[in-house]
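Undergrad: What follows is a single structure, and I will ask about it in a moment.
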Amino acid sequence: ETGVTQTPRHLVMGMTNKKSLKCEQHLGHNAMYWYKQSAKKPLELMFVYSLEERVENNSVPSRFSPECPNSSHLFLHLHTLQPEDSALYLCASSQDGTSGGVETQYFGPGTRLLVL
Amino acid sequence: AQKVTQAQTEISVVEKEDVTLDCVYETRDTTYYLFWYKQPPSGELVFLIRRNSFDEQNEISGRYSWNFQKSTSSFNFTITASQVVDSAVYFCALSEDSNYQLIWGAGTKLIIKP
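Just so you know, the protein sequences line up as chains A and B, in that order. The numbering of the first sequence is this note's numbering, which starts it at 14 and goes up by one. The numbering of the second sequence is this note's numbering, which starts it at -1 and goes up by one.
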C-alpha cells in the first residue's frame, strides 16, 4: 500500500452507536491530522498529532476522541454523534513542521459519515 | 489575519478551453507557503503544488501552470487545454511559517464539459 489509507470509506451510524475511523500512512511521516469537510463549509482542522503527541485540538466536541498509537496510525473514535456531524472526514500526514517551516500534507481518500 | 479567497464558486468550460482559477491571500508574515489541491468526486485531496513566499517564479507542470504575484497577493492556477478528467473542486491554501496550520479557501468547482 502506498500513501495514506482510510477505513471505512463509508459509514452509517445511529446517534447511540460507537464507531472508529482508521487512518494509516505509508510515507514515513511523523505528523498526522484529522479534518472535517461539511457541505458548503471550509475544511476544518480537528486534531493534529506530531511525534505521537497531540499538538492541536480545535475546540472539537468530546464525542470525537482521537488516538495515535504510533506515527503510522491514527484513529478517530466516535460516540453519540449528532446528525450535524455527518461529513467527509479526511486524514492527512506530513513531516513534522511544528518546529518551524511548513511541510506538505498528503491526504487519504476520506470516510463519508452519515449519522442518522 | 490569515485569509484565502477563492471568489469563483463554480466554473464551467468546454473541453480544450483554457481556464484560470483565482486565489487571493492575506497574511502579515513575510515567510509563508501557498498550496493548491485537487479534490475529484472520489473525495481524496490531491496535492498539486507548494510554493514559498520567496520564490516568485511561475511554475509549469504539463498542462498546469501557476502564477504567483506577491504584489497582488495572488496565486492563480491555469489549466491549458482542459480535459474532462480535470473536473474537480480545487482548493488554494496558505500556511505561515510561524503556524503550521493550513488556511483553506472555499474551493472552486471546475466542470469540464465534453
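Quick reminder that beta carbons are idealized off the backbone N, C-alpha and C, glycines included.
Taking Cβ-Cβ distances shorter than 7 Å, what residues in chain B pair up with Gly123(A)?
TA: Your numbering for residue 123(A) matches position 110 in the first sequence. Correct list: Gly41, Glu42.
Undergrad: Within the chosen definition, does the segment 93 to 103 of chain A reach the segment 15 to 27 of chain B through at least 3 CB pairs nearer than 8 Å?
TA: The segment 93 to 103 of chain A vs the segment 15 to 27 of chain B: no contact.
Undergrad: Using only alpha-carbon positions, find the residue among Pro74(A), Gly41(A), Gln19(A) that is nearest to Glu97(A).
TA: Position 84 of the first sequence, counted from the first residue, corresponds to residue 97(A). Measuring from the Cα of Glu97(A), the nearest candidate turns out to be Pro74(A).
Undergrad: I'd like to know whether the C-beta atoms of Gln0(B) and Ile101(B) end up nearer to each other than 8 Å.
TA: Looking up residue 0(B) in the second sequence gives position 2. Looking up residue 101(B) in the second sequence gives position 103. The answer is yes: Cβ separation under 8 Å.
Undergrad: Along the chain, where does the beta strand (DSSP E) containing Lys31(A) start, and where does it finish?
TA: Along the first sequence, read from residue 1 onward, the residue named residue 31(A) stands at position 18. Segment 31 to 38, the beta strand (DSSP E) holding Lys31(A).
Undergrad: Per DSSP, what kind of secondary structure is Ser69(B) in: helix, strand or coil?
TA: Here residue 69(B) is taken as the residue at index 71 of the second sequence, counted from 1. In the structure shown, Ser69(B) sits in a helix (DSSP, three-state: H, G or I).
Undergrad: Are there three or more Cβ pairs, one per stretch, closer than 8 Å when the segment 37 to 55 of chain A is compared with the segment 77 to 95 of chain A?
TA: Because the criterion of three Cβ pairs below 8 Å is met, the segment 37 to 55 of chain A and the segment 77 to 95 of chain A touch.
Undergrad: Alpha carbon to alpha carbon, what distance is there between Gln118(A) and Phe66(B)?
TA: As a working mapping, residue 66(B) is identified with position 68 in the second sequence. As a working mapping, residue 118(A) is identified with position 105 in the first sequence. Cα to Cα, Phe66(B) sits roughly 20 Å from Gln118(A).
Undergrad: Over the uninterrupted beta strand (DSSP E) stretch that includes Met45(A), give me the two end residues.
TA: As a first step, residue 45(A) is located in the first sequence; it is residue number 32 there, counting from the start. Taken as a continuous stretch (DSSP letters only), the beta strand (DSSP E) holding Met45(A) covers 44 to 50.
Undergrad: Reducing DSSP to helix, strand and coil, say where Ser73(A) ends up.
TA: Position 60 of the first sequence, counting from 1, holds the residue named residue 73(A). Reading the sequence as shown, one finds Val at residue 73(A) and not Ser. Here Val73(A) sits in coil by DSSP.
Undergrad: So, is the C-beta of Asp20(B) closer than 8 Å to a C-beta in chain A?
TA: Sequence index remark: in the second sequence, residue 20(B) carries index 22 (1-based). No, Asp20(B) does not count as interfacial toward chain A.
Undergrad: For Glu97(A), does the three-state DSSP call read helix, strand or coil?
TA: Taking the first residue of the first sequence as position 1, residue 97(A) is located at position 84. Helix, per DSSP.
Undergrad: Arg48(B) and Tyr31(B) - do their beta-carbons sit closer together than 8 Å?
TA: As a position in the second sequence, residue 31(B) is number 33, starting the count at 1. As a position in the second sequence, residue 48(B) is number 50, starting the count at 1. In this structure, Arg48(B) lies closer than 8 Å to Tyr31(B) by Cβ.
Undergrad: List, in order along the chain, the chain B residues whose C-beta lies closer than 8 Å to that of Thr117(A)?
TA: Taking the first sequence and counting its residues from 1, one reaches residue 117(A) at position 104. In chain order: Phe33, Phe45, Arg48.
Undergrad: Leaving out the 5 sequence neighbours to the left and right, which residues in its chain are closer than 7 Å to Val25(A) when beta-carbon positions are compared?
TA: For the purposes of this step, residue 25(A) is taken as residue 12 along the first sequence, with counting starting at 1. Answer for Val25(A): Leu127, Leu129, listed in chain order.
Undergrad: DSSP has Ser80(B) in a bridge; who is on the other side?
TA: What you label residue 80(B) is simply residue 82 of the second sequence in a count that begins at 1. DSSP lists no partner for Ser80(B).
Undergrad: Can you say whether Lys49(A) is buried or exposed, counting buried as having 16 or more other CB atoms within 10 angstroms of its CB?
TA: Along the first sequence, read from residue 1 onward, the residue named residue 49(A) stands at position 36. Burial call: buried.
Undergrad: Within the continuous beta strand (DSSP E) that includes Ser63(A), where are the two ends?
TA: Within the first sequence, the letter at position 50 stands for residue 63(A). Where Ser63(A) is concerned, the enclosing beta strand (DSSP E) stretches over 57 to 63.
Undergrad: I want to verify the contact list: residues of chain A whose CB lies under 7 Å from the CB of Trp102(B), in sequence order.
TA: Translated into positions along the second sequence, residue 102(B) becomes position 104. Going along chain A in sequence order, the residues near Trp102(B) (Cβ under 7 Å) are Pro55, Leu56.
Undergrad: Measure from the C-beta of Asp53(B) to each C-beta in chain A and report whether the shortest distance is under 8 Å.
TA: For the purposes of this step, residue 53(B) is identified with residue 55 of the second sequence, where counting begins at 1. So no, Asp53(B) is outside the interface.
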